[in-house]
Structures are given as C-alpha cells and as structure tokens.
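Here the structure comes first, spelled out in structure tokens, and everything after it is commentary.
Numbering (UniProt numbering), first residue to last: 1 to 379.
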C-alpha cells in the first residue's frame, strides 16, 4: 500500500478526473436553478449533509488545499504561489467576460445596440465580474425573462474564498507554521469540530451566508492542507476505501453526517485521482479543461435556456455540459495555458521590485539633516 507522499512525488496522477466530475455536479445543480422557478437549496437531494452540487464545490477546495500545500512544501515561495493563482484564474474570466459583454450580450439583449453599448450598466458589469466585486451583476436587457433572470457568472463566488485561503496558506508557509505538524493537527481538529457543530443538521438550519461558506469551504481546504502535511502517513488504496465507506455511510444522515462526508469524500478523491485506467484517464483529459468550463458554465446554461425555454432539465444539462467542455478546451488551449508561461517572469519582477524597496535607504527624518558618515581611519 503506497502513501500519498509517494504518489504525489511521482507527478503522474489523474486528479483532474475528479475535477471534471465535480464540475459536472455543479453544472447539474445550477441547471435546476436555470429551469425550475423558485427552487431552493433545500429542495435538492442531500446526502452527508449537503447537495451533490455543494459536494462538487468541496472537491475543488480539498484539491486546492492538497496540491497548493504540497507544491509550497516542495518549493516554499509564497509570492510565486499567489502570482500563480492570479495568472491561473483571471485570464479565463477576462476573456469570457469580454466575449459575453461585447459580443453575445449585444446579440441577445432586448435593447438596441446603441442603448446597450451606451449603458453604464454594460461597462459596470465588465468591471464587476473581472474584479470579482459583484458576481451577480447583470447586463442590460440580457436574459431578463429567464427563470433565473440576468445572472451569468454565479459560480465565480467561490474564487473569493479560494484566493483568501491561498493567501492564508502563503502566510503559514512564509512564517514556517506549516512545518509544525502539531500545530497543523491542532488546527485540523478545531476546524473539524466547528464544522461538525455548525452543520449538525447538514445545511438545512443555516442560511447560505458568508460564515456558512467560510466554515464549509475552509474545512474542505484545511483537510486538503492536512493531507499534504501528513502525506507520508496517509495510505491510499481501494481496499482502504472499501473499509472506510461503510463506516462513513452509517452516519450519512446523522448529526455527524457532514464530518463523515468530508472524510469519505477526501479519501475517494485520492483513490480516484491515483487510479490508472482508460476511463479515469479520459476523464482526466477532460478535467484539464475544467476551469474554463467552470467559469463559463452558467453563461452557457442561461444561453441554452434562453433559446430553448421549453426543454426539460436533463436536455439543458446535457447540452450545456457538452458546450461547456468545448469552451473549456478552447479556453485552456488559447488562454489559460499560454498565460502560465508568465508566472515565473512576473514573480521575478515582483521579487526584484520588493528587493529594491527593502534595500532602498530610508529618508532622513523630516526637519533634520542626515548625519554625514564618519571619516574612515587611515589604513
């Protein structure tokens, strides 16, 4: 039985297969929002305290915590890590938003082109989405008659937490706290305890507010961090999953369902991610395109719903996913992947700028002349 550390060291894995499945679950969840009037989160099928769509989001955060921490433990450069997050996330958002605002929006809006392009709301939308200041921003006259009126980039709300957790992890690495395993273990125990108490009845008793998201997404990210820190002590095998699954399933609808769920989901990610067969390999290929898919997924679902308002939910889901995979592939090939080459140059320039700022001489106190240096003694 191999450990997680040895598997991660091989650098050959199919963890992207997990991403595409998670993205599909999120899209399926959102397709109900796009097609069923008045549907609420509580109306979805729940297991282990959450809907399948929310479990899909948890997968993203577990993976982020695991892979970011593992990478930073190998190459502890917090600045590079944050540059990499920005370069990885924003180009796809910028391109998608520009296409939506300048091209597709102008086609589907009910307004004349002059009114559409002349509206401050149009350009405010561009700023709000790219800056992630309001992911619920709408374009004038666009999809106003849809079941979920006007909203286009609702999935991007998770990036606020992703960036915040990445920054917090960078601080832990910079201070060396991440190397103190006792501290990491204590943090994990406290986090899981809060998670269990907060979601003692799943999410049915809690409103979907910032604290709610912070606890559940922070727990998922924290579990990923702990897996990376203790990777040399985590065995990974399907036999282990076969033992763990029924033990967790017993608590699937209990007051510790959320805790059982995050434990089982984390281990399932590892088992699938390090499985090598044709099916998982194919899913991993699709998973490479999952971020671009995720960014534009709800735009696509809203667009399909607009042009086919009477289609059943399953037809909206299937057709939207097929289009989103194609969009994700194009985004990866022509936007995301080319931008990755700029991570190191940008990091080097920021490092150089920081070095110059730190090395610069402080100005003399105001109102006082700088003291002249003492003359050197004759040698």
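The C-beta atom is built at its ideal place from N, Cα and C for all residues, glycine as well.
How big is the Cα-Cα spacing for residue i and residue j?
| i | j | result |
| --- | --- | --- |
| residue 294 | residue 65 | 18 Å |
| residue 362 | residue 99 | For residue 362, the pLDDT reaches just 42, beneath the cut-off of 50, and the residue's location in the model is therefore unreliable, although a value from the coordinates is still provided. Their Cα atoms are separated by approximately 47 Å. |
| residue 320 | residue 33 | 13 Å |
| residue 375 | residue 347 | Residue placement at residue 375 cannot be trusted, given a pLDDT of 41 that sits under 50; what the coordinates show is reported in the next sentence. Going from the Cα of residue 375 to the Cα of residue 347 covers about 41 Å. |
| residue 20 | residue 31 | 16 Å |
| residue 63 | residue 309 | 36 Å |
| residue 372 | residue 358 | Note that residue 372 scores 41 on pLDDT, short of 50, meaning its location in the model is unreliable; the coordinates nonetheless yield the value given after this. The straight-line gap from Cα to Cα measures roughly 22 Å. |
| residue 75 | residue 275 | 26 Å |
| residue 337 | residue 27 | 23 Å |
| residue 210 | residue 132 | 15 Å |
| residue 105 | residue 112 | 11 Å |
| residue 246 | residue 260 | 11 Å |
| residue 53 | residue 22 | 8 Å |
| residue 367 | residue 178 | Unreliable positioning characterises residue 367 in this predicted model, as indicated by a pLDDT of 48, which lies under 50. The coordinate reading is nonetheless provided below. Cα to Cα, the separation comes out at about 45 Å. |
| residue 198 | residue 9 | 36 Å |
| residue 37 | residue 61 | 29 Å |
| residue 313 | residue 322 | 14 Å |
| residue 143 | residue 306 | 7 Å |
| residue 240 | residue 265 | 13 Å |
| residue 42 | residue 201 | 12 Å |
| residue 304 | residue 296 | 12 Å |
| residue 364 | residue 349 | Bear in mind that a pLDDT of 48 at residue 364, under 50, signals an unreliable position, so the model cannot answer this. |
| residue 254 | residue 47 | 10 Å |
| residue 149 | residue 51 | 23 Å |
| residue 116 | residue 122 | 7 Å |
| residue 352 | residue 345 | 11 Å |
How would you write the range of the alpha helix (DSSP H) that residue i sits in, first residue to last?
| i | result |
| --- | --- |
| residue 77 | Looking at the DSSP string, residue 77 is not in any alpha helix (DSSP H), and its letter there is neither H nor E. |
| residue 115 | 113-118 |
| residue 289 | First-last for residue 289: undefined, no H or E at that position. |
| residue 27 | 15-35 |
| residue 313 | 313-331 |
| residue 219 | 210-229 |
| residue 9 | 4-10 |
| residue 107 | 105-108 |
| residue 234 | Premise fails: residue 234 is in no alpha helix (DSSP H) and is neither H nor E. |
| residue 269 | 257-273 |
| residue 102 | No alpha helix (DSSP H) contains residue 102, which DSSP labels as neither H nor E. |
| residue 309 | From DSSP, residue 309 is part of no alpha helix (DSSP H); its letter is neither H nor E. |
Going by C-alpha distance, which of the options is nearest residue i?
| i | options | result |
| --- | --- | --- |
| residue 302 | 132, 317, 288, 326 | 317 |
| residue 285 | 255, 267, 326, 247 | 326 |
| residue 138 | 344, 151, 131 | 151 |
| residue 175 | 73, 209, 215 | 73 |
| residue 125 | 147, 93, 11 | 93 |
| residue 130 | 154, 341, 266 | 154 |
| residue 216 | 149, 179, 263, 243 | 263 |
| residue 159 | 214, 146, 178 | 214 |
| residue 56 | 314, 269, 87, 127 | 269 |
| residue 12 | 330, 299, 277, 47 | 277 |
| residue 2 | 271, 120, 279 | 271 |
| residue 86 | 305, 162, 145, 144 | 162 |
| residue 222 | 273, 238, 166, 291 | 166 |
| residue 146 | 300, 114, 14, 44 | 300 |
| residue 290 | 40, 51, 89, 39 | 89 |
| residue 252 | 91, 14, 45, 40 | 45 |
| residue 185 | 353, 242, 228 | 228 |
| residue 168 | 238, 114, 69 | 69 |
| residue 181 | 233, 58, 356 | 233 |
| residue 224 | 329, 330, 35, 192 | 192 |
Are residue i and residue j touching if we call contact CB-CB under 7 Å?
| i | j | result |
| --- | --- | --- |
| residue 49 | residue 258 | yes |
| residue 109 | residue 141 | yes |
| residue 84 | residue 343 | yes |
| residue 71 | residue 287 | no |
| residue 267 | residue 244 | yes |
| residue 219 | residue 256 | no |
| residue 82 | residue 204 | no |
| residue 24 | residue 231 | no |
| residue 18 | residue 292 | no |
| residue 335 | residue 95 | yes |
| residue 156 | residue 135 | yes |
| residue 236 | residue 67 | no |
| residue 173 | residue 78 | yes |
| residue 183 | residue 226 | no |
With respect to the beta strand (DSSP E) encompassing residue i, which residues constitute its N-terminal and C-terminal limits?
| i | result |
| --- | --- |
| residue 202 | 200-203 |
Looking at the C-beta of residue i, does it have a partner C-beta in chain B at a distance below 7 Å?
| i | result |
| --- | --- |
| residue 63 | No chain B appears in the structure shown, which is made up of a single protein chain. |
Any chance the CB of residue i is under 6 Å from a heavy atom of the ligand FMN?
| i | result |
| --- | --- |
| residue 203 | Only the bare structure without any ligand can be found here, which leaves the ligand FMN out of the picture. |
Checklist entry - What are the complete alpha helix (DSSP H) segments, minimum 4 residues, inside the segment 132-182? => result 158-175
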